[in-house]
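See structure below.
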Amino acid sequence: MIKLLRSSILAAAVLGITGTAAANSDLLVKLKPNASERVLAPFSAKAERIADEWYKLPARDLTDIEIAALEASPAVAYVQPNYKLSLMHDFRAKDPAVIKQLEAMKAKQPGLFRASSGDNPPYSTVGAQSNGSDPMYAQQWGMKDIGVSGTMHSAKNIVVAVIDTGVDYTHEDLAPNMWINQGENGKDAQGRSKRDNGVDDDGNGYVDDVVGWDFAANDSKPYDLTVGKWSLVLTGGNPGHGTHCAGNVGARANNKLGIMGVAGDVQIMAIRFLNERGMGDTAGAVRAIRYAVDNGAKILSNSWGSEGENPADQTNNEALKDAIRYANSKGVLFIAAAGNGHMGKGYDNDIDERPAYPASYDIENIVSVAAIDNLDKLGKFSNWGKKRVHIAAPGVNVFSTVPGKEKYTNKAVHLLFGIISATWDGTSMATPHVAGAAALYWAKNPNKSVAEVKAALLSSAKKTETLNGKVVSDGKLHVGSLLGQ
């Protein structure tokens, strides 16, 4: 079976993620209940527990005999690769002439191609919180389209985990809304600050996790590290994906700064499992989901996925499925990007042999989100599916927060006087709109179950001709209707 795994590929699709199983991939092994991890000792001296019965075995060349013995062990329930994950939409230049021009510039001015944010800054939660309009709201066509205003219901008691490339938690429009782990905040019994004291004060297994956790670097500062824009168009990487998503969920409303998110006073938990090169793996994703659930998140915003798993394959990503099922068992909603098609062209998740995942998993707490433009048309890249895609939301030319000096933009890339330019488009951008809306509804209706919140999102969708038969709800997110306004 592992030989098949070594040649299997989770190809790419979302402005999100692609996954591959490499020949020397780490293995993820699920033990049967009550089995001892000692059964893994003959295969790895460094087996690492990632969740419940799941363990990661570091990469090495196992012999066919060892593989067969591992799979045949009565203590082993499942074996799969630790699928490698990466940001698929990397904004690389494709025109040979432009590439040549960029290479020449790089030779003359190599400093232009260095990473733009290579350090994790200290925490800050002192962003302006005064009342007043958000001056860039006029550029947020999506917020206006789905009925978001600065007077929506408060969601300050709801935690939304943005599981992505990290979040700029120092951003003026995000800092006031960052989730703060009170167990790692304030003073200890001796009057010393708990922040950055090198102690796991709350005993959750993570030291100094004040605003979340970085599973890519394994530290307490899940900052959205990016590559420089010039480097981005030559070699790819992260242009600030997680911060852009976070702004759509919950940039601070009515603070006289920038924009507003759907839920203007929600708590944003920053979870990073993709690094600045846009790379990660399944083990990181599983840990991220488990951390968010175990530390109080009610909604998980997941703007990543893959051009999925073929049901005929012998091995699929059971580790990821188990993590999502765990979230469901704890009453946590999993909002997922429906996928950005293949080579920029969307497809039907219901009938394609490799529907986008995790959005297409048949798990009750998943809400799969397609992307529309300002004319209610599906983005040409957006997947759809009458059975597997639930609702649509704004996902074309989306204006939101980004890390660094720019702070706000609808352009993921804009160089050489616009010769190289790409707007923030994707089901990745649509997903956090729905996550924010779910937060507003749940805050107003705190006794609702996951199933009831999901049903409310779909039943309140605004029906449109362009989405009829394309998504379960036949429509797009409408926050006003969801809240009965």
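Using the numbering used here, the first residue of the sequence shown is number 27, and each one after it goes up by one.
Where a beta carbon is used, it is the ideal one built from N, C-alpha and C, also for glycine.
Computed from a prediction, not measured in an experiment: that's the story for all the values here.
Residue i classed as buried or exposed, judged by whether at least 16 other C-beta atoms fall within 10 angstroms
{"i": "V505", "result": "buried"}
{"i": "I480", "result": "Looking at the sequence itself, residue 480 is Lys, so the reference to Ile does not match. Label assigned to K480: buried."}
{"i": "S394", "result": "buried"}
{"i": "S499", "result": "buried"}
{"i": "A67", "result": "exposed"}
{"i": "I377", "result": "exposed"}
{"i": "L503", "result": "buried"}
{"i": "V550", "result": "Examination of residue 550 is not possible in this model, given that the chain is present from 27 through 511 alone."}
{"i": "A47", "result": "Here A47 scores only 42 on pLDDT, less than 50, and its place in the model is too uncertain to base an answer on."}
{"i": "E432", "result": "exposed"}
{"i": "M169", "result": "buried"}
Residue range of the unbroken alpha helix (DSSP H) whose run includes residue i
{"i": "S112", "result": "First-last for S112: 110-113, but that is the beta strand (DSSP E), not the alpha helix (DSSP H)."}
{"i": "G462", "result": "453-470"}
{"i": "T261", "result": "255-261"}
{"i": "W167", "result": "167-171"}
{"i": "A272", "result": "267-276"}
{"i": "A187", "result": "Note, A187: premise wrong, no alpha helix (DSSP H); beta strand (DSSP E) at 185-190."}
{"i": "Q127", "result": "122-134"}
{"i": "K413", "result": "Looking at the DSSP string, K413 is not in any alpha helix (DSSP H), and its letter there is neither H nor E."}
{"i": "A103", "result": "No alpha helix (DSSP H) holds A103; the beta strand (DSSP E) holding it covers 102-107."}
{"i": "K480", "result": "476-485"}
{"i": "L508", "result": "505-508"}
Run of the beta strand (DSSP E) containing residue i, from where it starts to where it stops
{"i": "P420", "result": "417-420"}
{"i": "V292", "result": "Element bounds for V292: n/a, residue is neither H nor E."}
{"i": "L441", "result": "437-441"}
{"i": "I350", "result": "Premise fails: I350 lies in the alpha helix (DSSP H), 344-355, not in any beta strand (DSSP E)."}
{"i": "G306", "result": "305-307"}
{"i": "A94", "result": "It is not in any beta strand (DSSP E) - A94 instead sits in the alpha helix (DSSP H) that spans 90-98."}
{"i": "L326", "result": "325-328"}
{"i": "S447", "result": "446-449"}
{"i": "L251", "result": "That residue, L251, is in no beta strand (DSSP E); it is neither H nor E in DSSP."}
{"i": "L83", "result": "80-83"}
Heavy atom of the ligand ADP within 7 Å of residue i beta-carbon
{"i": "M162", "result": "As far as ligands go, the structure on display features none, and thus does not contain the ligand ADP."}
Candidates the options, of which the one nearest residue i by Cα
{"i": "D374", "options": "D402, W256, E333, N400", "result": "E333"}
{"i": "A385", "options": "N423, L401, N343, N400", "result": "N343"}
{"i": "N436", "options": "L503, L251, Y163", "result": "Y163"}
{"i": "V439", "options": "D78, L260, V174, A77", "result": "L260"}
{"i": "I361", "options": "Y383, R351, S62, N328", "result": "N328"}
{"i": "D17", "options": "K371, G322, N391", "result": "Look at the range of the chain in this structure, 27 to 511, and you will see that residue 17 is not part of it."}
{"i": "Q216", "options": "N207, D227, I206", "result": "D227"}
{"i": "I184", "options": "I285, N108, A463, L251", "result": "A463"}
{"i": "V102", "options": "S62, R86, A123", "result": "S62"}
{"i": "T341", "options": "A85, Q106, D399", "result": "Q106"}
Alpha-carbon to alpha-carbon, residue j and residue i
{"i": "V186", "j": "I325", "result": "5 Å"}
{"i": "K255", "j": "S99", "result": "49 Å"}
{"i": "L441", "j": "A448", "result": "9 Å"}
{"i": "T191", "j": "K110", "result": "15 Å"}
{"i": "F139", "j": "L300", "result": "20 Å"}
{"i": "L509", "j": "A477", "result": "17 Å"}
{"i": "M204", "j": "H270", "result": "14 Å"}
{"i": "Q166", "j": "G357", "result": "31 Å"}
{"i": "S51", "j": "L83", "result": "9 Å"}
{"i": "R316", "j": "Q127", "result": "45 Å"}
{"i": "A77", "j": "V312", "result": "7 Å"}
{"i": "V152", "j": "G290", "result": "With a pLDDT of 43 at V152, under the threshold of 50, the modelled position of this residue cannot be trusted; read the value that follows with caution. Their backbone Cα atoms lie some 16 Å apart in a straight line."}
{"i": "I294", "j": "A95", "result": "45 Å"}
{"i": "Y352", "j": "A465", "result": "20 Å"}
{"i": "D171", "j": "N280", "result": "19 Å"}
{"i": "L113", "j": "I297", "result": "15 Å"}
{"i": "A154", "j": "L57", "result": "Residue confidence is low: A154 scores 45 on pLDDT, short of 50, so the model does not pin down where it sits. No coordinate-derived value is stated."}
{"i": "S175", "j": "S408", "result": "26 Å"}
{"i": "S246", "j": "G287", "result": "25 Å"}
{"i": "A461", "j": "G238", "result": "18 Å"}
{"i": "T490", "j": "A397", "result": "13 Å"}
{"i": "I389", "j": "I417", "result": "16 Å"}
| Segments of 3+ residues assigned as beta strand (DSSP E) that fall wholly inside the region 52-77 | Counting only runs of 3 or more, we get 53-57, 74-77.
| 3-residue-minimum beta strand (DSSP E) runs that sit fully inside the region 194-247, ordered along the chain | Segments of the beta strand (DSSP E) lying fully in the region 194-247: 238-240.
| request: Would you mind listing the beta strand (DSSP E) stretches within the region 357-394 that are 3+ residues and don't spill past its ends, in chain order? | output: DSSP runs (the beta strand (DSSP E)) wholly in the region 357-394: 359-363.
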